[in-house]
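To start, the structure under review is shown below, and the notes come after it.
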Amino acid sequence: MPELPEVEVVRQGLDAVLRGLRLLRTEVRVPKLRWEVDPQLDALTRNQMVCALDRRSKVLLVALERGTLLIHLGMSGSLRRIQQPEALRTHDHLIWHFSGGLELRLHDPRRFGSVLWFAHPCVGSADSDPARSIDAHFARLGPEPFDPAFNADSLHRRSQGRKVAVKQWLMSGTPVVGVGNIYASEALYRAGIDPRRAAGRIGRHRYARLVDAIREVLRQAIEAGGSTLRDFVGSHGDPGAFQQHYAVYGRDGEACPACGAKVRRTILGQRSSFWCPRCQR
DNA sequence: ACTGGATCCTGACTGC
DNA sequence: TGCAGTCAGGATCCAG
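Per numbering that gives the first Met the number 0, residue 0 is the first one in the first sequence, and the count goes up by one each step.
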């Protein structure tokens with residue numbers, strides 16, 4: 000489900016709810032996710048206060064006293080806050096029990112998500128291997144979309160010589176993070192750029208439009224509470240509403256809202272891409 | 001160094 | 001009803 004806006008909405012919701020609570024116990028019911036959950040996870044995280052909730056790319060970061068929990072929701076993951084006793088559902092793989100009786104459940108039918116633990120390095124000790132740090136984990140990622148480091152100049156410069164379709168390049172995580180299949184289509188539509196165009200054959204001024212379009216569409220989606228398909232549940236249990244605002248995504252054959260031409264669907268990098276053949280060049 | 005393709009997994013939906 | 005085929009929000013790994 001989750002692209003950056005959905006993860007950000009969940010982060011904001013969880014921050015209000017979890018910060019200051021104590022993680023009492025973790026139940027790992029199904030450890031085989033994208034990567035196998037550490038069998039020691041419960042022992043490593045037990046009885047620690049939640050200090051903060053952050054986000055990097057599409058990864059939720061739960062900062063505890065002695066380290067950070069990374070939660071990636073993959074394609075089909077969702078987090079539910081449980082306050083009243085409620086029967087477990089199929090694919091509820093992890094359960095975190097917090098002080099105050101609050102439970103958080105990770106539900107992920109396709110199991111493309113992941114849960115990783117990074118202990119704070121202890122200064123001068125043997126377990127402060129920098130290769131296993133959070134920084135190393137994220138070292139290959141590009142800038143956050145709202146970071147000033149993401150701008151027309153850097154985008155244009157980094158695109159030079161790239162023959163890959165601009166949509167695939169955007170989704171690769173190198174020029175920018177957090178832009179998944181839906182928002183790549185939507186942002187390229189808003190910027191008037193054909194998703195099939197080679198990344199290296201787009202001018203600086205068009206990249207300036209794209210930077211603005213990416214920020215705009217992500218900001219609007221976050222404000223709308225995150226868009227959702229079937230299995231997204233925010234931390235308040237409210238599905239988001241932004242999917243009603245999709246101009247082209249999933250609208251194969253419908254009229255472009257701007258010019259009325261038929262929206263087309265093309266496969267790029269094995270992913271569906273939606274675009275207007277008249278507005279996008 | 002780039003690029004395209006296969007891959008992990010389940011569920012919803014479509015057409016016969 | 002049942003069954004086969006297609007598709008789905010991500011991202012890593014590997015061969016060429």
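Note that beta-carbon positions come from the ideal geometry of N, C-alpha and C, so glycine has one too.
Predicted model, so just to flag it, every value in this text is computed and none were measured.
Query raised in the report: Mind checking whether the beta-carbon of GLY141 lies closer than 7 Å to any heavy atom of the ligand SAM?
Result: In the structure shown, the ligand SAM is absent, as is every other ligand, since no ligand is present at all.
Query raised in the report: Name the DSSP bridge partner or partners of HIS96?
Result: DSSP, once it has assigned bridges, lists ARG24 and GLU102 as partnering HIS96.
Report task. Give the range of the beta strand (DSSP E) segment to which TRP274 is assigned. Result -> TRP274 -> beta strand (DSSP E) spans 270-274.
Requested in this report: For the alpha helix (DSSP H) containing GLN47, list its first residue and its last residue.
Outcome: Per DSSP, GLN47 lies in no alpha helix (DSSP H); the unbroken beta strand (DSSP E) holding it starts and ends at 47-55.
Query raised in the report: How many angstroms separate the CA atom of LEU63 from the CA atom of ARG79?
Result: When rounded, the distance between both Cα atoms is 19 Å.
Report task. Could you pull out every residue in the same chain whose Cβ sits closer than 6 Å to the Cβ of ALA186, ignoring the five residues on either side in sequence? Result -> Its chain contains ALA212, ILE213 and VAL216 as the residues whose beta carbon lies nearer than 6 Å to that of ALA186, once the 5 sequence neighbours on both sides are disregarded; these appear in chain order.
Query - Beta carbon of LEU169 nearer than 8 Å to that of VAL176 - result: VAL176 is positioned such that its CB atom lies no closer than 8 Å to that of LEU169.
Query raised in the report: Rounded to a whole number of angstroms, what is the C-alpha to C-alpha distance between PHE137 and PRO144?
Result: Cα-Cα distance, rounded: 15 Å.
Query raised in the report: Taking Cβ to Cβ, would you say VAL114 is nearer than 8 Å to LEU101?
Result: Going by C-beta atoms, VAL114 is not nearer than 8 Å to LEU101.
Report task. Starting from ARG218, follow its DSSP beta bridges and name the residues at the other end. Result -> Partner(s): none; ARG218 has no beta bridge.
Query raised in the report: Do the CB positions of ALA164 and ARG196 come within less than 8 Å of each other?
Result: The Cβ-Cβ distance between ALA164 and ARG196 falls below 8 Å.
**Report entry** Rounded C-alpha distance that separates LEU228 from GLU2
**Finding:** The predicted position of LEU228 is uncertain, since its pLDDT is 38 and thus under 50; a value taken from the coordinates is nonetheless stated next. Rounded to the nearest angstrom, the two C-alpha atoms are 11 Å apart.
Query raised in the report: Does DSSP put ALA254 in a helix, in a strand, or in coil?
Result: Looking at ALA254 - three-state DSSP - the assignment turns out to be strand.
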